[in-house]
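What follows is a set of notes on a single structure, which appears directly below.
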Amino acid sequence: MYELEYAKPSNISNAVNKFDQSKDGKYLAGGMTLIPTLKARLASSDILIDLKEANLSNISVTSTHVVIGSMTRHSDVANSADVQKSIPSLSKLAGGIGDHMVRNCGTIGGSVANNDPSACYPSAVLGLGATITTNERELSAEDYFMGMFETALNSNEIITQISFPIPDKSSYIKFPNPASRYAMVGVFMAKTGNKVNVAITGASENGVFRSSEIENALSSSFTLESLDSLDISSDGLIGDIHASSNYRANLIKVMAKRALEEIIT
Ligand SMILES: Cc1cc2nc3c(=O)[nH]c(=O)nc-3n(C[C@H](O)[C@H](O)[C@H](O)COP(=O)(O)OP(=O)(O)OC[C@H]3O[C@@H](n4cnc5c(N)ncnc54)[C@H](O)[C@@H]3O)c2cc1C
-10 MYELEYAKPS NISNAVNKFD QSKDGKYLAG GMTLIPTLKA RLASSDILID
40 LKEANLSNIS VTSTHVVIGS MTRHSDVANS ADVQKSIPSL SKLAGGIGDH
90 MVRNCGTIGG SVANNDPSAC YPSAVLGLGA TITTNERELS AEDYFMGMFE
140 TALNSNEIIT QISFPIPDKS SYIKFPNPAS RYAMVGVFMA KTGNKVNVAI
190 TGASENGVFR SSEIENALSS SFTLESLDSL DISSDGLIGD IHASSNYRAN
240 LIKVMAKRAL EEIIT
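Sequential numbering from -10 applies to the sequence shown in our numbering.
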């Protein structure tokens, strides 16, 4: 018989202690990915350590940063007037995730810990150059994402918050899978001064990445025309029943143009 214990610690150090004492513990956020994965026996665990009471759900905004606690739900980010004002593309991204249930249960920390190659948040984290804070350290977005479903997190490490620098302008455009709303391709574009960051999700077999090709073109000329001549290679892009790698390569260019259009108009 499959036994699964449940704990709801009231702070992070108790959560880590529970994990360290377990054989195969798992931290539980909204359960949107973890529970179906366990039910399908794609993962197993002897204890679920629920982070709901660990005081990790909060949003604060300064003149330079938006800081979001890891247990903050997508619906809270989408509906936050402070986030809408400081980084509108981030609240729009959160409001476009999945369906009502996913937005009301899923969390930013769960999304970034899971690092699904089609998830939306990783593109904002990388595109805005966010900092991921854990119970052990601070990680830059560049150092955090290690590939499809891979991150720099140690097995017992807990994301506590994510800090997003506020750009001058930014935009997130995705071509959603019509069933799940995950990104078949999503482009997060951020401009601060002369610096342009472009992060792509949904497309690569290695998960979220920055497109130096698009960034270089836009750094030379921040215009729609500068993207016209780009020929995005399909090497290393995902090809599946939803879209071929060539189709995704074309989507990258189309979504990048739409993101740019939103910024310059
Ligand atoms: C039908 C459906 C549609 C979706 N559509 C989209 C979409 O359009 N765009 C998109 O971006 N996402 C989408 N998602 C993903 C969703 O946004 C959730 O964020 C994601 O499923 C993770 O769920 P969760 O936050 O409940 O975390 P859980 O499922 O509870 O946990 C996920 C993983 O993260 C670990 N974890 C959770 N919190 C932490 C933490 N603080 N520190 C360390 N590890 C942690 C858990 O141990 C587990 O391994 C969709 C999901 C579903 C089910």
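Backbone N, C-alpha and C fix where the C-beta goes; we use that ideal spot for every residue, glycine too.
Please read all numbers here as calculations on a predicted model, not as lab measurements.
Check	Outcome
When Asn3, Ser59, Ala32 and Ala29 are compared against Ile38, the one with the closest alpha-carbon	Asn3
Residue environment, Phe138, which counts as buried when at least 16 other CB atoms sit within 10 Å	exposed
Exposure of Asp157, with buried meaning 16 or more beta-carbon neighbours within 10 Å	exposed
Buried versus exposed, by CB contacts within 10 Å (16 or more), Ser210	exposed
Three-pair Cβ contact test at 8 Å for the segment -7 to 7 versus the segment 76 to 93	no
Spatial distance of Ile97 from Asn235 (CA atoms)	30 Å
Backbone CA spacing between Pro165 and Pro25 [nearest angstrom]	21 Å
For Glu127, the first and last residue of its enclosing alpha helix (DSSP H)	Per DSSP, Glu127 belongs to no alpha helix (DSSP H); it is in the beta strand (DSSP E), Glu127 to Ser129.
Where Pro165 falls: helix, strand or coil (DSSP)	strand
Per-residue DSSP class, three states only, for Ser107	coil
For Asp39, three-class secondary structure by DSSP	strand
Distance, Glu250 Cα to Ala141 Cα	34 Å
Buried or exposed (CB count within 10 angstroms, at least 16 for buried), Tyr161	buried
N- and C-terminal bounds of the alpha helix (DSSP H) containing Ser49	Premise fails: Ser49 lies in the beta strand (DSSP E), Ile48 to Val50, not in any alpha helix (DSSP H).
As assigned by DSSP and simplified to three states, the class of Tyr(-5)	strand
Per-residue burial, Asn205 [other beta carbons within 10 Å of its own, 16 or more giving buried]	exposed
Terminal residues of the beta strand (DSSP E) in which Met310 lies	Past the edges of the chain, shown from -10 to 254, lies residue 310, and the structure says nothing about it.
Distance, Ala18 Cα to Phe147 Cα	What sits at residue 147 in the sequence shown is Ile, not Phe. Taking the straight line joining both Cα atoms gives about 11 Å.
Expected contact under 8 Å - CB spacing of Lys163 and Gly228 to nearest Å	The Cβ separation is near 18 Å, so there is no contact.
Continuous beta strand (DSSP E) stretch holding Val176: start and end	Ala172 to Thr181
Contact the segment 219 to 227 vs the segment 185 to 204: 3+ CB pairs below 8 Å	yes
Whole-angstrom distance between Asn0 and Lys242, CA atom to CA atom	44 Å
Any 3 or more C-beta pairs closer than 8 Å across the segment 105 to 115 and the segment 174 to 190	yes
Residues of its chain near Ser11, where Cβ-Cβ distance is below 7 Å and the 5 sequence neighbours each way are ignored	Asp35 and Ile36
Proximal residues to Thr120 (C-beta, below 8 Å), its chain only, five neighbours per side dropped	Glu127, Leu128, Ser129, Ala130, Ile151 and Ser152
Same chain, Cβ closer than 7 Å to Ile57, five either side skipped, listed in chain order	Ile48, Val66, Ile97, Gln150 and Ile151
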